[in-house]
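First the structure, in the form of structure tokens, and then the observations on it.
Residue numbers (our numbering), protein chains in the order written: chain A, 2 to 132; chain B, 2 to 410.
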């Protein structure tokens, strides 16, 4: 299948690859997908006390479109508040990367990863408050 | 010699045409354009003569006694359809049971499925982790209703070579017709229809440096005489086995491709195996966690096949990273069905690993320089993608990936 230029660009030069300390209370980690399905994304956000995403990192096992979707997601997350981050939809990713129908699940996975990272961060925060 | 991109390492899919083949074909497009079935003039006679010469060239390569045992078709899918449907229909009164394996090409498997709908019973044998069917399993599956056994000479994904001679002998003993889809193996490994007791064999020109759109079905005419019900009706070409005007230039090229292989296949197999081994050794020297899918070793795998899983790196992602190299993958993402390779599944390769498999198919025109370039590129990109892989990081931290409850999606 032919990839869009944007997918190729992200896959060849992925942004924000890396690992944040998952024990850090200000870090939220989302790990979604399954090796048996051929794609796993781990997306992490570091959130300031003001609720703004200061940093975002990812690692992805998957095809070029999955790598590009998560790379793009980390770019979009930085500088956003958690509320703004939660509004990112997979359809936005599909549009930006020109993903073909067979690759839409990659964008869905990226949206799930964002939500899962936010949820993990919120859980940690409420655990901190209640302790 | 400088490298030309992209580098072709997908010779199981198709092979480039040998220039010697093209040269032989060219006059048959222009001055010798006749219809081989035209009996009344020189144009037809010339074409018929060329077709019969090609028939001999094909027969020689596979060790057939007589050229008339070669039925020209449009390719191996048609040959497989004709063999299975033709035998099933003709011998229906004798029995309704067919034995095959789970790793056959879709042209065999889907034909079997259609026959099942028509009341035939089909046994699909397992092949085990080696990707080689066991003779005992074939024997055990036979019943007094068995009319046909169809087992491929070599598999198109993992290149494993099946025990054709032994199965042929068993079929002779039991009076069962034996068909082999020899597409991937002929001209790359030992193959002789007489020595191996083969009654029907499908081959195609484009996997052996000939043109696309032409193939053959070998149909044994003595000891035993195998009969088929034709699947295409019309002018009664090919002794009534396959109507349709013959593709004369294609057949001429097919013949030439067979002639070249008859002379050169052993040297070529040695050369290709040495390049394939060079590629494997280089990859395995620098990369950990690589797994060969299927049996390894001379006589057990085609000399041109390397099917390897690079753990923690998804196959399509890797193919995109090495886009200067044409290979294929058993990853789900490369298929429209999003299902990983059924062949790897039949070998018991876990889905995790199936997603990371890459098939390298080397060939006559693969150079050492290309092998070295591909090895370097794959090593670099696998390392890069492992740095990008959460699974590789977790595995290195000692996390057992099997302990994690993954949400299947």
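A virtual CB, placed ideally from N, CA and C, is assigned to each residue, including glycine.
Check whether the stretch 126 to 145 of chain B and the stretch 77 to 88 of chain B are in contact - that is, three or more C-beta pairs closer than 8 Å. Judged by Cβ distances under 8 Å, the stretch 126 to 145 of chain B makes no contact with the stretch 77 to 88 of chain B, as fewer than three pairs qualify.
Boundaries (first-last residue) of the beta strand (DSSP E) holding residue 219(B): Residue 219(B): member of the beta strand (DSSP E) spanning 216 to 220, first to last residue.
Give the residues of chain A in contact with residue 454(B), contact being defined as C-beta atoms less than 9 Å apart. This structure does not reach residue 454(B), given that chain B is present from 2 up to 410, and the question cannot be answered.
Which value, in whole angstroms, describes the spacing of the CA atoms of residue 292(B) and residue 307(B)? Answer to the nearest angstrom: the Cα atoms are 10 Å apart.
Excluding the 5 residues flanking residue 171(B) on each side, which residues of the same chain have their C-beta closer than 7 Å to its C-beta? Around residue 171(B): 136, 139, 140.
Would you call the stretch 198 to 212 of chain B and the stretch 253 to 269 of chain B in contact, with 3 or more CB pairs under 8 Å? Note that the stretch 198 to 212 of chain B touches the stretch 253 to 269 of chain B; at least 3 beta-carbon pairs, one per stretch, sit closer than 8 Å.
Counting only Cβ pairs nearer than 8 Å, list the residues of chain A close to residue 321(B). Those are 4, 9, 12, 64, 65, listed as they occur along chain A.
Of all Cβ atoms in chain A, is any one closer than 7 Å to the Cβ of residue 288(B)? It does not; no Cβ of chain A falls within 7 Å.
Determine the DSSP secondary structure at residue 360(B), reduced to helix, strand or coil. Assigned with DSSP and collapsed to three states, residue 360(B) falls in strand.
Where does residue 182(B) land, buried or exposed, given buried means 16+ other C-beta within 10 angstroms? Flag for residue 182(B) reads buried.
Could you tell me the boundaries of the beta strand (DSSP E) in which residue 47(A) lies? Run containing residue 47(A): 40 to 48, per the beta strand (DSSP E) assignment.
Suppose contacts are defined by Cβ-Cβ distances below 7 Å. Is residue 10(B) in contact with residue 326(B) by that definition? Residue 326(B) sits close to residue 10(B), with the two beta carbons spaced by under 7 Å.
Classify residue 17(B): buried if its beta carbon has 16 or more other beta carbons within 10 angstroms, exposed otherwise. Looking at its Cβ environment, which holds fewer than 16 other Cβ atoms inside 10 Å, residue 17(B) is exposed.
6 Å Cβ shell around residue 61(A) - same chain, five flanking residues per side excluded: Short of 6 Å from the beta carbon of residue 61(A), and not among the five residues preceding or following it, lie these beta carbons of its own chain, in chain order: 42, 67, 68, 71.
Per DSSP, which residues does residue 299(B) bridge with? Please list them. Beta bridge pairing from DSSP links residue 299(B) with 302(B).
Quick one: which chain A residues come within Cβ less than 8 Å of residue 332(B)? Simply 39, 64.
Any C-beta of chain A under 7 Å from that of residue 356(B): Residue 356(B) belongs to the set of residues whose beta carbon lies under 7 Å from a beta carbon in chain A.
Start-to-end residues for the beta strand (DSSP E) that takes in residue 74(B): From DSSP, the beta strand (DSSP E) with residue 74(B) extends over 71 to 74.
Exposure of residue 366(B), with buried meaning 16 or more beta-carbon neighbours within 10 Å: With fewer than 16 Cβ atoms within 10 Å of its Cβ, residue 366(B) is classed as exposed.
Using a Cβ-Cβ cutoff of 7 Å, what residues of the stretch 15 to 29 of chain A are near chain B? List them in chain order. Hits within the stretch, in order: 15, 18, 20.
With distances taken from CA atoms, which of 404(B), 384(B), 372(B), 408(B) is nearest residue 8(B)? Out of 404(B), 384(B), 372(B), 408(B), 372(B) has the C-alpha closest to the C-alpha of residue 8(B).
Is residue 1(B) close to chain A, meaning its C-beta is less than 7 Å from at least one C-beta of that chain? The structure shown does not extend to residue 1(B), since chain B is modelled only from 2 through 410, so no value can be given for it.
I want to verify the contact list: residues of chain A whose CB lies under 8 Å from the CB of residue 340(B), in sequence order. For residue 340(B), there are no neighbours in chain A by C-beta distance under 8 Å, as the nearest C-beta there is about 10 Å away.
Reference residue 159(B); option with closest CA among 289(B), 320(B), 271(B), 131(B): Minimum Cα distance to residue 159(B) is reached at 131(B).
Going by alpha carbons, who is nearest to residue 56(B) out of 266(B), 387(B), 220(B), 361(B)? When each option's Cα is compared against that of residue 56(B), the closest is 220(B).
Answer with buried or exposed for residue 186(B), where buried requires no fewer than 16 other C-beta atoms within 10 angstroms of its C-beta. By the 10 Å Cβ count, residue 186(B) comes out buried.
Interface flag, residue 90(A) vs chain B, CB-CB below 7 Å: Taking Cβ atoms only, chain B never reaches closer than 7 Å to residue 90(A), which makes this a no.
Check whether the Cβ of residue 318(B) lies closer than 7 Å to any Cβ atom in chain A. Interface residue, yes.
In chain A, which residues lie less than 8 Å from residue 310(B) when you measure between Cβ atoms? Here the premise fails: no neighbours, minimum Cβ distance about 12 Å.
In the DSSP output, what is residue 56(A) paired with across the bridge? For residue 56(A), the beta-bridge partners assigned by DSSP are 47(A).
Curious, which full-length beta strand (DSSP E) runs of at least 3 residues does the stretch 162 to 214 of chain B contain? DSSP runs (the beta strand (DSSP E)) wholly in the stretch 162 to 214 of chain B: 178 to 182, 201 to 205.
Straight-line CA distance for residue 57(A) to residue 79(A)? Those two C-alpha atoms are separated by around 6 Å.
Per DSSP, what are the beta-bridge partners of residue 292(B) in this structure? For residue 292(B), DSSP records a beta bridge to 310(B).
Could you compute how far the alpha carbon of residue 153(B) sits from the alpha carbon of residue 103(B)? Looking at the two C-alpha atoms, the distance is approximately 10 Å.
Anything in chain A within Cβ reach of residue 402(B), meaning under 8 Å, just list it in chain order. Near residue 402(B) (Cβ distances below 8 Å), the residues of chain A are 36.
Amino acids of chain A, ordered along the chain, whose beta-carbon sits closer than 7 Å to that of residue 353(B): Chain A residues near residue 353(B): 36, 37.
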